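A.B. asks: Below you'll find the structure I mean.
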Amino acid sequence: MSKFKQQPLYIAVVAGSLTTTAMAATDEAVKPDADINRGQPVLEEVTVTARNRTESLQEIPVAINAFSSKDIERSAMQDLRDVVRSSPGLVYDSSGTIATGAITIRGMSQPGLIGDDTNVAMFVDGVYVSGRASTFMPMMGLERVEVVRGPQSAIYGRNAFSGAMNYITTKPTEEFEAKIEATTGAEGQSGVEARIASAIGDKLALSLDLVDSESGSTFKQGDTYLGGIDNEAQRLRVLFTPTDTLELDLSVAHVDVHEHHNAGYEVTPNAEHAVEINPMATGGAPFLIPSVHYIPGANTLTPAGMAAVTGAPSAYYGEAKAADPDGFAGNAFGVTNESDLYSLRVNWDIADVTLTSITAASDTVTRSLQGYANAYMAPTMVFAPVIPVSNGFSPVTPTEDMPNHVATINLGGTNAYLLNVLAYNYGGQPNDDRTAFSQEFRIQSNDAGPLQWSAGLLYSEVELDQWLTSSALPASGSPFGDEINSASIASSILAVDENGNATKITQTNHSTEMTSAFAALAYDVTDKLNVGVEARYTREDKIANNVLHFTGAQGEVQGDWDWVSPRLIATYTYDEYTNFYLNIAKGTKSGGINGGTPVESEMLYDPESNLTFELGAKRTVLDGRGYMNIAAYRIDWDDQHIRQFSQFSNGATIPAAITTNLGAVEIRGIEIETAFQISDNWAFHSAYTFNDAEVVKGVQSVTFGYVDYDAMGLDATNYPFCLPVLGGGCEVMSNLMVSDGDLSGKTMINNYRNTFNAGVRYSRDMANGAEFYMDLSSVWKDKRYINTVNTLWIDDHWDTNLVTGIEGDNWYGQLSVKNLMDDDTPSSAYRPYIWTQNQAPSIVNRMGRMSSLTVGYRF
1 MSKFKQQPLY IAVVAGSLTT TAMAATDEAV KPDADINRGQ PVLEEVTVTA RNRTESLQEI
61 PVAINAFSSK DIERSAMQDL RDVVRSSPGL VYDSSGTIAT GAITIRGMSQ PGLIGDDTNV
121 AMFVDGVYVS GRASTFMPMM GLERVEVVRG PQSAIYGRNA FSGAMNYITT KPTEEFEAKI
181 EATTGAEGQS GVEARIASAI GDKLALSLDL VDSESGSTFK QGDTYLGGID NEAQRLRVLF
241 TPTDTLELDL SVAHVDVHEH HNAGYEVTPN AEHAVEINPM ATGGAPFLIP SVHYIPGANT
301 LTPAGMAAVT GAPSAYYGEA KAADPDGFAG NAFGVTNESD LYSLRVNWDI ADVTLTSITA
361 ASDTVTRSLQ GYANAYMAPT MVFAPVIPVS NGFSPVTPTE DMPNHVATIN LGGTNAYLLN
421 VLAYNYGGQP NDDRTAFSQE FRIQSNDAGP LQWSAGLLYS EVELDQWLTS SALPASGSPF
481 GDEINSASIA SSILAVDENG NATKITQTNH STEMTSAFAA LAYDVTDKLN VGVEARYTRE
541 DKIANNVLHF TGAQGEVQGD WDWVSPRLIA TYTYDEYTNF YLNIAKGTKS GGINGGTPVE
601 SEMLYDPESN LTFELGAKRT VLDGRGYMNI AAYRIDWDDQ HIRQFSQFSN GATIPAAITT
661 NLGAVEIRGI EIETAFQISD NWAFHSAYTF NDAEVVKGVQ SVTFGYVDYD AMGLDATNYP
721 FCLPVLGGGC EVMSNLMVSD GDLSGKTMIN NYRNTFNAGV RYSRDMANGA EFYMDLSSVW
781 KDKRYINTVN TLWIDDHWDT NLVTGIEGDN WYGQLSVKNL MDDDTPSSAY RPYIWTQNQA
841 PSIVNRMGRM SSLTVGYRF
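For what it's worth, our numbering labels the leading residue of the sequence shown as 1, then goes sequentially.
Structure, rendered in structure tokens:
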């Protein structure tokens, strides 16, 4: 039976939509001359440039949402997460900070921090924002935000794998404009935003946007608002038009963001079998290491197989629920990001074509922040001598004589130590130093004939130095004092350099060069049928220099890939109200290089791709007072990037995390959007999405710790393994369980099967000429799985916001209430990095109800 036929809600919504459309068509036929007010913002004519040309939102043959500057202002959008909330079917998730944040469109999520590229490409004025720095972009001086669903690799390139988001800033014009506004609120909310724009003569115009804000938080520890974001940003834009056909547009922006550690807690483990460990068989380790305790591929184990002994509870299965935070969520590091962005766009109209050149450069510095309150007391591995503890002058090697010594573990002939220590998890958020440059040339037709075309070339290069620091507390200011000795090391792992900075345990310097060429054609076959084809050829050359890695793997690795991303679009205009479209597109995301492994087969991972089939209809109803759009799609996702652990171990450390091409996912879904102008004062909008993302091929990575495969829903068998011991003979590990880790049939993580958005807007003119408005919006999201084996989830919940305000000719004021119902469903949950053998997740708390007041003046 089709999965769609199993969805009563889907059937009801579709039936209701078709009925309403039929009624609307009848109304149009009966009352063709009705005098209808179309002046409300939800139904204003909206144009977009998602295909690099201006098109009506209701006529463009792709699934797209556009938020105008008025939408952004009257919905009190502050950052990327607010855009995602207002976009049907989108999901935002992170592993503790916005630096690890990623957007999911149509179920194409990323299980963990995989590679440097996200599945959704982010742009500012058409310029690609490299890596995850896109999550830091402020929403200042925006004309609109466009969100395109479905692969856009052919027209955008740049890893627009599942979709793209473009921030389009407001150009300065010949008209003078200026505004200043201030925001204050409970829980540490404050901010100032300003804009000034003016023409200088008849050929030059300038604009300057400024923002300085603190988002605050409903959770506070000391003077720190947990999860709060402090944002300072400036953008200067210079527009020069020496002739009527030539335009030069220069933009310079600086962004400085500081996100504080998120509030959260670590749950108490509730799962796993309680079976005695055999320390003789494991050398004292409570886990198994590939190539040390077993040989992958030997006997019944597959190369991607898993193995672990069972033991005391160490994992949590079930719903992630709200609880009072312990302070910082485990491993939820704070982060700072400082970016300088430059772009120069030149448009030159020559006869019936437009030549465009876009030159862009950026410099970004991202740092992971640690704090004493983020440390915790737990048995933590101290590797010796691979990662000696440094006292700033010479290495200090842990010994068995230290206080809080738990166990000594022999890993491949080298001792490692378990100490009960106050420490951070190893790993966490990478630190980045990134520079990027790109140059694009484009030629595009601009006449009104039956043939529309465009073509272009793109070159880009990225230099990225990326590293992780060890579990560290700085020597200066340590709660155990500045003196470093064996006792203090036993209480706190102090790994610092001579400047008191955390010691690096990995560093890989990446260099990427990308060249691509694209072409697009669209032809009016008849007055009703238009057929278009697009294609982009891309080649990437990457070099990764493993300067340092705790596994000892070092050296330079090179890789290159090339691919073609095509798209076919057919549009049929049924009548003046209705358009149907077919969209078949291939999306491709870059391959990459793994650090920390000398195994040749693991060094590279290939690009992943998806083939999307989308059929849609867009209908304007009630003579322009409403619209109804529907899109159904199928996605075949192959060579999916999956996070695994390397099969290499030097015997003294846990293996490196790597990316492989082991995944395949099938996705089927439907999206329905409606909006109606009910009266001169009232407007209504809604959207429903159904998205079924099922894993067809996937493997759970090697698991360290105690594993209950039955509870994980994975096949497992008891596997007596004879481990050689000193003096001859072997020790049978009778409590060892193995599994092939097959994830087929599981639901893709970070995917809502059903979502529903609805909102009402009210506005009316007041006696003094000012306008009063109110915007009430609510989003319902279905259950969402957090882990790949579907044993941990966040339950369904509602998220409701209320914004109301008064706007006069110059003065305006706005009251915003977010999370109106004070819903406490966690915003995220994730398993901290595994270096402490802790499989219980960290829960990130959702911000409670927050209200703020904004007052501004337009000159």
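From the three backbone atoms N, C-alpha and C, an ideal C-beta is built for every residue, glycine too.
Please read all numbers here as calculations on a predicted model, not as lab measurements.
What is the DSSP secondary structure of Val257, counted as helix, strand or coil?
C.D. replies: Taking the sequence shown and counting its residues from 1, one reaches residue 257 at position 257. Here Val257 carries a strand assignment [DSSP, helix/strand/coil].
A.B. asks: Classify Ser343 as helix, strand or coil using the three-state DSSP reduction.
C.D. replies: As a working mapping, residue 343 is identified with position 343 in the sequence shown. Of the three classes helix, strand and coil, the one that applies to Ser343 here is strand, per DSSP.
A.B. asks: Could you round the C-beta distance between Val525 and Val533 to whole angstroms and report it? I think they count as a contact, below 8 Å.
C.D. replies: As a first step, residue 525 must be located in the sequence shown, where it is residue number 525. As a first step, residue 533 must be located in the sequence shown, where it is residue number 533. No, Val525 and Val533 are not in contact; Cβ-Cβ is about 12 Å, not under 8 Å.
A.B. asks: Please state if the CB of Thr689 and the CB of Ile216 are separated by a distance shorter than 8 Å.
C.D. replies: Start at 1 with the first residue of the sequence shown, and residue 216 comes out as number 216. Start at 1 with the first residue of the sequence shown, and residue 689 comes out as number 689. One point to set straight first is that residue 216 is Gly, not Ile, in the sequence displayed. Taking 8 Å as the Cβ cut-off, Gly216 and Thr689 do not qualify as a contacting pair.
A.B. asks: How would you write the range of the alpha helix (DSSP H) that Glu73 sits in, first residue to last?
C.D. replies: Position 73 of the sequence shown, counted from the start, is the residue given in the question as residue 73. Counting along the chain, the alpha helix (DSSP H) containing Glu73 begins and ends at Ser69 to Arg74.
A.B. asks: Quick check: Leu611 and Ala517, are their CB atoms within less than 8 Å of each other?
C.D. replies: One-based indexing of the sequence shown puts residue 611 at position 611. One-based indexing of the sequence shown puts residue 517 at position 517. Between Leu611 and Ala517, the gap from beta carbon to beta carbon reaches 8 Å or more.
A.B. asks: Express the C-alpha separation of Val803 and Tyr773 in angstroms, rounding to a whole number.
C.D. replies: As a first step, residue 773 must be located in the sequence shown, where it is residue number 773. As a first step, residue 803 must be located in the sequence shown, where it is residue number 803. Near 8 Å, if we compare the C-alpha coordinates of Val803 and Tyr773.
A.B. asks: Under DSSP, the alpha helix (DSSP H) around Ser601 begins and ends at which residues?
C.D. replies: Position 601 of the sequence shown, counting from 1, holds the residue named residue 601. Glu600 to Met603 is the span of the alpha helix (DSSP H), which, as asked, contains Ser601.
A.B. asks: In whole angstroms, what separates the C-alpha of Ala320 from that of Pro269?
C.D. replies: Your numbering for residue 320 matches position 320 in the sequence shown. Your numbering for residue 269 matches position 269 in the sequence shown. Taking the straight line joining both Cα atoms gives about 12 Å.
A.B. asks: Any idea which residues DSSP pairs Val817 with across the strands?
C.D. replies: If you number the sequence shown from 1, residue 817 lands on position 817. Its beta-bridge partners are Leu802 and Ser851.
A.B. asks: Using a threshold of 8 Å, state whether the C-beta atoms of Arg784 and Asn751 are closer than that.
C.D. replies: Taking the first residue of the sequence shown as position 1, residue 784 is located at position 784. Taking the first residue of the sequence shown as position 1, residue 751 is located at position 751. Yes, the Cβ-Cβ distance between Arg784 and Asn751 is below 8 Å.
A.B. asks: So the candidates are Val462, Gly228 and Ser686; which of them puts its Cα closest to the Cα of Asn861?
C.D. replies: The displayed coordinates of the chain run from 1 to 859. Any statement about residue 861 would go beyond what the structure contains.
A.B. asks: For the candidate residues Ile749, Ser609, Leu451 and Asn545, whose alpha-carbon lies nearest to that of Gly555?
C.D. replies: The sequence position of residue 555 within the sequence shown is 555, counting from 1. Of the listed residues, the one whose Cα sits closest to Gly555 is Asn545.
A.B. asks: For the beta strand (DSSP E) that Ala263 lies in, which residues bound it at each end?
C.D. replies: Here residue 263 refers to the residue found at position 263 when the sequence shown is read from its first residue. From DSSP, the beta strand (DSSP E) with Ala263 extends over Ala263 to Glu266.
A.B. asks: Beta carbon of Val665, beta carbon of Trp637: below 8 Å?
C.D. replies: Position 665 of the sequence shown holds residue 665. Position 637 of the sequence shown holds residue 637. Between Val665 and Trp637, the C-beta spacing is below 8 Å.
A.B. asks: If you run the structure through DSSP and keep just helix, strand and coil, what is Asp524?
C.D. replies: Here the question's residue 524 lines up with position 524 in the sequence shown. Asp524 falls in the strand class under three-state DSSP.
A.B. asks: If I follow the unbroken beta strand (DSSP E) through Ala675, where does it start and stop?
C.D. replies: By 1-based counting over the sequence shown, the position of residue 675 is 675. Start and end: Ala657 to Gln677.
A.B. asks: Here's the rule: buried if 16 or more other CB atoms are within 10 angstroms of the residue's CB, otherwise exposed. What is Asp575?
C.D. replies: Here residue 575 refers to the residue found at position 575 of the sequence shown. Result: exposed.
A.B. asks: Between the C-alpha atoms of Ala160 and Asp765, what's the straight-line distance to the nearest angstrom?
C.D. replies: Numbered from its first residue, the sequence shown carries residue 160 at position 160. Numbered from its first residue, the sequence shown carries residue 765 at position 765. Computed Cα separation, rounded: 43 Å.
A.B. asks: Decide if Asn768 is buried, meaning its Cβ has at least 16 other Cβ atoms within 10 Å, or exposed.
C.D. replies: Counting from 1 along the sequence shown, the entry for residue 768 is found at position 768. Classification of Asn768: exposed, given that the 10 Å Cβ count is below 16.
A.B. asks: What are the residues that DSSP puts in a beta bridge with Pro566?
C.D. replies: Counting from 1 along the sequence shown, the entry for residue 566 is found at position 566. For Pro566, which the question treats as bridged, DSSP gives the partners Ala535.
A.B. asks: Check each candidate in Asp782, Ala182 and Ile168 and name the one with the smallest Cα separation from Tyr857.
C.D. replies: The sequence position of residue 857 within the sequence shown is 857, counting from 1. The shortest Cα separation from Tyr857 among Asp782, Ala182 and Ile168 belongs to Ala182.
A.B. asks: Take Thr173 as the anchor and find which of Val238, Lys746, Asp775 and Ala263 has the nearest alpha-carbon.
C.D. replies: Position 173 of the sequence shown, counted from the first residue, corresponds to residue 173. When each option's Cα is compared against that of Thr173, the closest is Val238.
A.B. asks: Under the DSSP definition of a beta bridge, which residues are partnered with Gly555?
C.D. replies: Position 555 of the sequence shown, counted from the start, is the residue given in the question as residue 555. Answer is Asn546, bridged to Gly555.
A.B. asks: Buried or exposed for Glu771, please, with buried defined as at least 16 other CB atoms from any protein chain shown within 10 angstroms of its CB.
C.D. replies: Against the sequence shown, residue 771 aligns to sequence position 771. The residue in question, Glu771, is exposed, as its Cβ has fewer than 16 Cβ neighbours within 10 Å.
A.B. asks: Figure out for me which residue from Thr800, Lys746 and Gly759 has the closest Cα to the Cα of Trp793.
C.D. replies: Here the question's residue 793 lines up with position 793 in the sequence shown. Among Thr800, Lys746 and Gly759, the Cα nearest to that of Trp793 belongs to Lys746.
A.B. asks: In three-state DSSP terms, what is Ile642?
C.D. replies: Taking the first residue of the sequence shown as position 1, residue 642 is located at position 642. Here DSSP, grouped into helix, strand and coil, assigns Ile642 to strand.
A.B. asks: DSSP has Thr620 in a bridge; who is on the other side?
C.D. replies: Residue numbering aside, residue 620 sits at position 620 when the sequence shown is read from its first letter. For Thr620, which the question treats as bridged, DSSP gives the partners Tyr627.
A.B. asks: Can you tell me the Cβ-Cβ gap for Lys860 and Phe859, rounded? I've got them flagged as a contact below 8 Å.
C.D. replies: With the chain covering only 1 through 859, there is no way to say anything about residue 860.
A.B. asks: Taking C-beta to C-beta, are Leu208 and Ile168 nearer than 8 Å?
C.D. replies: Along the sequence shown, read from residue 1 onward, the residue named residue 208 stands at position 208. Along the sequence shown, read from residue 1 onward, the residue named residue 168 stands at position 168. Cβ distance not < 8 Å, so Leu208 and Ile168 don't count as in contact.
A.B. asks: The beta strand (DSSP E) with Asp209 in it runs from where to where?
C.D. replies: Within the sequence shown, residue 209 is the residue found at index 209, counting from 1. Residues Leu204 to Glu214.
A.B. asks: Which of the three DSSP states, helix, strand or coil, is assigned to Phe859?
C.D. replies: For the purposes of this step, residue 859 is taken as the residue at position 859 of the sequence shown. DSSP places Phe859 in coil when its eight states are reduced to three.
A.B. asks: What did DSSP end up calling Asp465 once you bin it into helix, strand or coil?
C.D. replies: Stepping through the sequence shown from its first residue, residue 465 is reached at position 465. Residue state, collapsed to three classes: strand.
A.B. asks: Can you give me the start and stop residues for the alpha helix (DSSP H) that Val864 sits inside?
C.D. replies: Residue 864 lies beyond the range of the chain shown here (1 to 859); nothing can be said about it.
A.B. asks: What are the start and end residues of the beta strand (DSSP E) that includes Leu581?
C.D. replies: To locate residue 581, count along the sequence shown from 1; it is residue 581. A quick correction: the sequence has Tyr, not Leu, at residue 581. Taken as a continuous stretch (DSSP letters only), the beta strand (DSSP E) holding Tyr581 covers Thr578 to Lys589.
A.B. asks: Distance check for Met77 and Val335, CA to CA, integer angstroms please.
C.D. replies: As a working note, residue 335 is residue 335 in the sequence shown. As a working note, residue 77 is residue 77 in the sequence shown. Linking Val335 to Met77 through their CA atoms gives a straight-line distance of about 22 Å.
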